[in-house]
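Take a look at the structure set out below.
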Amino acid sequence: MNPNWRSFLESAEGIFDTASADLLHFGDAAAELQAAGQQTILVPLTHFGLLEASGEEAKSFLHSQFTSDVNHLAEGQAQHAGWCTAKGRMQASFLAWRNGDAYRMTVSADLQEATQKRLQMFILRAKVKLTSLNDSTILLGLAGRQAEEALTDAGLPCPAEPMTTATSDGVTAIRLDTSRFVISAPEEMKADLWQKLSVKARPAGTPAWRWLDVQAAFPLVTLATKEEFVPQMADFEKIGGVSFHKGCYPGQEIVARTQYLGKVKRHLYRLTSPQALSAGEALYSPDNLDQACGMVMSAAPSPTGGYEALAVVQSNYSTNVHLGSREGPQVQAAAVNP
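Sequence positions in the sequence shown follow the UniProt record's numbering and run 1 to 338.
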């Protein structure tokens with residue numbers, strides 16, 4: 001991540017995981033989790049990277065690669081998008097929006113470098129430029145009952161509807177749902193934005209944002225789950241991340257066949273557990289002796305104690321799910337889209 005951004009956050013008492021770019025907390029992780037459920041929080045989204053695709057053929061290139069309909073992504077709108085292998089497995093997921101004639105995309109930070117490098121391989125002679133914006137742009141998450149008021153008081157744009165954007169003076173706000181926003185801003189504005197937004201929003205670490213993602217059933221592909229899921233296994237089509245009416249893209253035939261033949265046996269579930277959960281952990285059922293019955297996709301500590309997660313689980317084994325092995329601790333699974 002941008003070292004200047006990290007230094008600024010450390011000066012604001014942010015504590016980072018030594019093994020990753022995750023910002024753990026600002027001194028009181030438990031209180032920050034409580035605030036995520038009851039108050040308004042401000043989270044540096046250090047677990048995301050930011051890419052930009054520009055050039056006169058950027059739209060057609062992304063449309064030919066992603067699972068969603070980039071051709072109809074209008075200015076002022078945002079959408080989820082997946083990028084699949086030829087076998088239909090998601091190798092990255094994005095939140096994408098227009099920035100003038102260019103397109104910006106958040107992606108899991110641990111996948112950004114490999115994703116950018118591999119996407120570059122498919123550009124060939126197309127008039128497209130892929131750029132990492134990590135050094136020039138910061139990403140902030142704002143969530144809670146006073147989120148809109150915090151944006152307005154800070155003089156920032158506030159989009160009115162979910163999955164829409166508003167831009168002013170180089171700052172873009174993306175509304176994810178009724179009370180959650182992603183803010184993309186020039187790096188040099190970090191101190192001013194932080195000061196203004198933290199008047200009404202409590203600074204919090206990425207675990208608080210991950211917990212909100214679990215509540216919102218937002219399935220993020222990370223390095224730990226790369227190439228593990230067909231989009232429908234993660235219910236990705238239910239958040240607008242897949243178009244079944246657009247042209248070809250990598251894996252499109254398998255994704256479409258899976259949809260129309262109704263062969264999806266695994267879906268997105270919320271897990272609760274007293275044991276720690278982490279992305280990529282296998283799930284098993286004593287009722288299935290052949291193979292694992294699922295995998296954790298994302299996880300976070302819960303404000304009420306224990307842990308919560310999103311996982312892809314084989315539906316007919318969802319009532320008897322164990323972590324790590326068939327003899328491992330049992331976890332509770334509830335379908336996100338029953």
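Note that beta-carbon positions come from the ideal geometry of N, C-alpha and C, so glycine has one too. Values in this document were obtained by computation on a predicted structure and should not be read as measured data.
Beta-carbon within less than 7 Å of residue i's beta-carbon, same chain only, minus the 5 sequence neighbours each way: which residues are those?
{"i": "A279", "result": "T222, A224, T225, V296, M297, S298 and A299"}
{"i": "A78", "result": "L95, A96, W97, M163, T164, T165 and I174"}
{"i": "A292", "result": "A282, L283 and Y284"}
{"i": "D213", "result": "L220 and S298"}
{"i": "S325", "result": "Y284"}
{"i": "D177", "result": "P162 and A216"}
{"i": "N134", "result": "M1, N2, G49 and L50"}
{"i": "G306", "result": "T272, S273 and P274"}
{"i": "S179", "result": "A143, G144, R145 and A147"}
{"i": "W5", "result": "I138, E187 and K190"}
Just to confirm my understanding: we take residue i, look at its own chain, exclude 5 residues before and 5 after, and list those with CB closer than 6 Å. What are they?
{"i": "V14", "result": "Note that residue 14 is Gly in the sequence shown here, rather than Val. Correct list, in chain order: L23 and F26."}
{"i": "S136", "result": "E187"}
{"i": "E148", "result": "C158"}
{"i": "E75", "result": "R98"}
{"i": "H63", "result": "V70 and N71"}
{"i": "G328", "result": "H322"}
{"i": "F61", "result": "A126 and V128"}
{"i": "L197", "result": "L42, A150 and A154"}
{"i": "D17", "result": "L24"}
For residue i, is the classification buried or exposed, using 16 other Cβ atoms within 10 angstroms of its Cβ as the cut-off for buried?
{"i": "E281", "result": "buried"}
{"i": "G251", "result": "buried"}
{"i": "E308", "result": "buried"}
{"i": "K200", "result": "buried"}
{"i": "H245", "result": "exposed"}
{"i": "R257", "result": "exposed"}
{"i": "M1", "result": "buried"}
{"i": "M121", "result": "exposed"}
{"i": "D192", "result": "exposed"}
{"i": "S168", "result": "exposed"}
{"i": "G205", "result": "buried"}
{"i": "Q314", "result": "buried"}
{"i": "S11", "result": "exposed"}
{"i": "P3", "result": "exposed"}
{"i": "P207", "result": "buried"}
{"i": "A19", "result": "exposed"}
{"i": "G100", "result": "exposed"}
{"i": "D153", "result": "exposed"}
{"i": "D290", "result": "exposed"}
{"i": "N117", "result": "Before going on, a small fix: residue 117 reads as Lys here, not Asn. With fewer than 16 Cβ atoms within 10 Å of its Cβ, K117 is classed as exposed."}
{"i": "Y260", "result": "exposed"}
{"i": "K59", "result": "buried"}
{"i": "T319", "result": "exposed"}
Measuring alpha carbon to alpha carbon, tell me which of the options ends up nearest residue i.
{"i": "A160", "options": "E149, T67, D153 and R175", "result": "R175"}
{"i": "N288", "options": "E75, H267 and Y317", "result": "Y317"}
{"i": "F8", "options": "A35, T46, D28 and Y249", "result": "T46"}
{"i": "E32", "options": "A234, R202 and T304", "result": "R202"}
{"i": "G49", "options": "L111, A19 and D169", "result": "L111"}
{"i": "Q195", "options": "R270, D169, L151 and F229", "result": "L151"}
{"i": "A334", "options": "L271, N4 and L277", "result": "L271"}
{"i": "G247", "options": "G55, N71, P301 and D192", "result": "N71"}
{"i": "G170", "options": "D177, L156 and T178", "result": "L156"}
{"i": "A29", "options": "R210, L73 and V336", "result": "R210"}
{"i": "N337", "options": "V331, L310 and Y103", "result": "L310"}
{"i": "E113", "options": "Y103, K265, A92 and K263", "result": "A92"}
{"i": "R104", "options": "E228, F16, A126 and I138", "result": "I138"}
{"i": "K263", "options": "G55, P44, M233 and R6", "result": "M233"}
{"i": "P301", "options": "L277, G294 and P286", "result": "L277"}
{"i": "K190", "options": "Q34, A21, Q330 and P44", "result": "P44"}
{"i": "E227", "options": "A21, V312 and Q332", "result": "V312"}
{"i": "P286", "options": "V331, Y249 and Y269", "result": "V331"}
{"i": "K265", "options": "A109, R6 and F229", "result": "F229"}
{"i": "G55", "options": "L268, E253, A102 and S132", "result": "A102"}
{"i": "residue 339", "options": "E253, A21, A53 and H267", "result": "Absent from the structure is residue 339, since the part of the chain shown begins at 1 and ends at 338."}
{"i": "A109", "options": "F218, L73 and A21", "result": "A21"}
Using a Cβ-Cβ cut-off of 8 Å (strictly less than) and excluding sequence neighbours within five positions of residue i, which residues of its own chain qualify?
{"i": "P231", "result": "T67, G82, C84, G88, M90, E237, G241, V242 and V255"}
{"i": "A36", "result": "A143, G144, A204, A208, W209, W211, L212 and P303"}
{"i": "T115", "result": "L51, W83, Q91, A92 and V107"}
{"i": "L124", "result": "none"}
{"i": "Q65", "result": "W83, L119, F122, Y249 and P250"}
Answer yes or no: does any C-beta atom of chain E fall closer than 8 Å to that of residue i?
{"i": "H72", "result": "Note that chain E does not occur in the displayed structure, where there is just one protein chain."}
Next item on the list: Could you say if the segment 141-148 and the segment 171-190 meet the contact criterion of at least three C-beta pairs nearer than 8 Å?
Entry: The segment 141-148 makes contact with the segment 171-190, as at least three CB pairs between them are under 8 Å.
Next item on the list: Count the CB pairs spanning the segment 28-47 and the segment 81-93 that are closer than 8 Å, and state whether there are at least three.
Entry: Here the segment 28-47 does not lie against the segment 81-93, with fewer than 3 beta-carbon pairs under 8 Å apart.
Check: Along the chain, which unbroken stretches of the beta strand (DSSP E) at least 3 residues long are found entirely within the segment 75-142?
Finding: Runs of the beta strand (DSSP E) lying entirely within the segment 75-142 and spanning at least 3 residues, in chain order: 78-84, 90-99, 102-108 and 129-132.
Notebook entry, point to check: Can you list the beta strand (DSSP E) stretches of 3 or more residues lying completely in the segment 198-274, in chain order?
Noted result: Whole beta strand (DSSP E) segments, 3+ residues: 266-273.
Margin query: Threshold first: 3 residues or longer. Then list the beta strand (DSSP E) segments lying entirely within the segment 143-202, N to C.
Written below: Contiguous beta strand (DSSP E) elements confined to the segment 143-202 occur at 164-168, 171-175 and 180-186, taking only those with 3 or more residues.
Margin query: Which complete alpha helix (DSSP H) runs does the segment 30-82 hold, if anything under 4 residues is left out?
Written below: Runs found: 58-65.
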